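**Q** Before I ask anything, let me first share the structure, which is written out below as structure tokens.
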Amino acid sequence: MDSGITYTNQLTFGLVSLQRIICIGRVHDGHEERLRSLN
Numbered sequence: 036m037d038s039g040i041t042y043t044n045q046l047t048f049g050l051v052s053l054q055r056i057i058c059i060g061r062v063h064d065g066h067e068e069r070l071r072s073l074n
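Heads up: the sequence shown begins at 36 in this note's numbering, then just goes up one per residue.
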């Protein structure tokens, strides 16, 4: 039972980390587009 809970926690943590990376990537792309439009 404990190993199953640990696996689920790792899976959830991995998904959250992936979402953060995607969000940071989108924000970064948005900043680059703003810099290009300013220049």
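Backbone N, C-alpha and C define an ideal beta-carbon position, used for all residues, glycine too. Keep in mind that this is a model prediction, so the values were computed, not measured.
1. Taking the straight line between their C-alpha atoms, what separation do you get for Q54 and R71?
2. Using the C-alpha atoms, what's the distance from D37 back to G60?
3. DSSP state of N74, grouped into three classes?
**A** Reading it off the structure:
1. The alpha-carbon atoms of Q54 and R71 are separated by roughly 26 Å.
2. If I take the Cα positions, the gap works out to 34 Å.
3. Residue state for N74 is assigned as coil, using DSSP reduced to three classes.
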